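Residue numbers (my numbering): 3 to 204.
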């Protein structure tokens with residue numbers, strides 16, 4: 003883990019690269035509770051957690067230091083806990099979770115068709131959006147995770163497709179891009195990028 007000064011410099015660089023219309027969500031999956039103090043000292047504003055159990059432990063100690071987003075797979079039984087701690091969920095993909103969620107959400111879309119990835123298949127998206135809204139969820143946009151690739155340009159078609167889907171459904175927010183491809187995501191209209199290791203020196 004870098005020092006707070008190094009993290010601050012890297013954070014500023016990423017923010018400059020993605021521009022003022024894109025929010026940087028700092029993924030803390032591999033950041034220990036004790037290390038979060040460095041992120042607070044570095045001026046990190048929004049953190050994104052992958053696991054509800056880790057979210058609870060980190061929020062208990064640093065709840066007022068950050069704004070909290072949930073970016074991992076959302077289990078329906080964890081939706082009430084996540085709702086109580088986070089301002090936004092990036093990864094809604096089940097109606098059972100939608101029925102228990104009380105904060106705004108982005109719907110995760112599986113554009114690559116990979117069986118190992120969560121998300122709603124594109125043909126099922128219109129029905130899912132209707133039913134999630136009927137369950138009371140404020141759907142603000144879409145999220146996707148393209149296949150892991152050495153070349154960030156290989157993510158571009160997936161980001162472009164997600165932007166088109168969001169436009170078709172009148173959705174403003176796009177959560178797409180991680181450390182490997184956040185610059186490309188920003189070029190394709192991301193309003194959120196989720197980065198971690200680029201900030202921590204890992």
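All C-beta atoms, glycine included, are put in the ideal place defined by N, C-alpha and C. These figures come from a predicted structure and were not determined experimentally.
TODO: May I have the straight-line CA-CA distance separating residue 64 from residue 44, to the nearest angstrom?
DONE: What you label residue 64 is simply residue 62 of the chain shown in a count that begins at 1. What you label residue 44 is simply residue 42 of the chain shown in a count that begins at 1. Distance from the CA of residue 64 to the CA of residue 44, rounded to the nearest whole angstrom, comes to 14 Å.
Task: Own chain residues within Cβ distance below 8 Å of residue 192, not counting five before or after - done: As a position in the chain shown, residue 192 is number 190, starting the count at 1. Same-chain partners within the cutoff: 20, 24, 161, 176, 177, 178, 179 and 184.
Task: Chain-order list of residues whose beta-carbon lies under 7 Å from that of residue 165 (same chain, five-residue window excluded) - done: Taking the first residue of the chain shown as 1, we reach residue 165 at position 163. Taken in chain order, the residues that qualify are 176, 190 and 191.
Task: Reduced DSSP secondary structure (H/G/I, E/B, other) of residue 150 - done: Taking the first residue of the chain shown as position 1, residue 150 is located at position 148. Coil at residue 150, not helix or strand.
TODO: Can you tell me which of the three DSSP states residue 183 falls into?
DONE: Looking up residue 183 in the chain shown gives position 181. For residue 183, the secondary structure class from DSSP, reduced to helix, strand or coil, is coil.
Task: Own chain, CB closer than 7 Å to residue 155, minus 5 neighbours either side, in chain order - done: Numbered from 1 along the chain shown, position 153 holds the residue referred to as residue 155. Counting only residues of its own chain and dropping the five nearest sequence neighbours on each side, residue 155 has a CB closer than 7 Å to the CB of 186.
Task: Beta-bridge partners of residue 71, as assigned by DSSP - done: Walking along the chain shown from the start, residue 71 turns up at place 69. In the DSSP output, where bridge partners are listed per residue, residue 71 has 50 and 90.
Task: Rounded separation between residue 170 and residue 145 - CA only - done: In the chain shown, counting from the first residue as 1, residue 170 sits at position 168. In the chain shown, counting from the first residue as 1, residue 145 sits at position 143. Straight through space, the alpha carbons of residue 145 and residue 170 are spaced by roughly 15 Å.
Open item on the list: Determine whether the beta carbon atoms of residue 48 and residue 71 lie at a separation below 8 Å.
Closed with: The residue you call residue 48 lines up with position 46 of the chain shown. The residue you call residue 71 lines up with position 69 of the chain shown. Yes.
TODO: Give me the Cβ distance between residue 103 and residue 139, rounded to the nearest whole Å; I'm assuming they're in contact under 8 Å.
DONE: Numbered from its first residue, the chain shown carries residue 103 at position 101. Numbered from its first residue, the chain shown carries residue 139 at position 137. Separation of the CB atoms of residue 103 and residue 139 is rounded to 6 Å, and the pair is thereby assigned contact status at 8 Å.
- [ ] Could you pull the start and end residues of the beta strand (DSSP E) that residue 177 belongs to?
- [x] Taking the first residue of the chain shown as 1, we reach residue 177 at position 175. It spans 175-177 - the beta strand (DSSP E) in which residue 177 sits, taken as one unbroken run.
Task: Inter-residue spacing [alpha-carbon to alpha-carbon] between residue 133 and residue 97 - done: One-based indexing of the chain shown puts residue 133 at position 131. One-based indexing of the chain shown puts residue 97 at position 95. Across the structure, residue 133 and residue 97 are spaced so that their CA atoms are roughly 7 Å apart.
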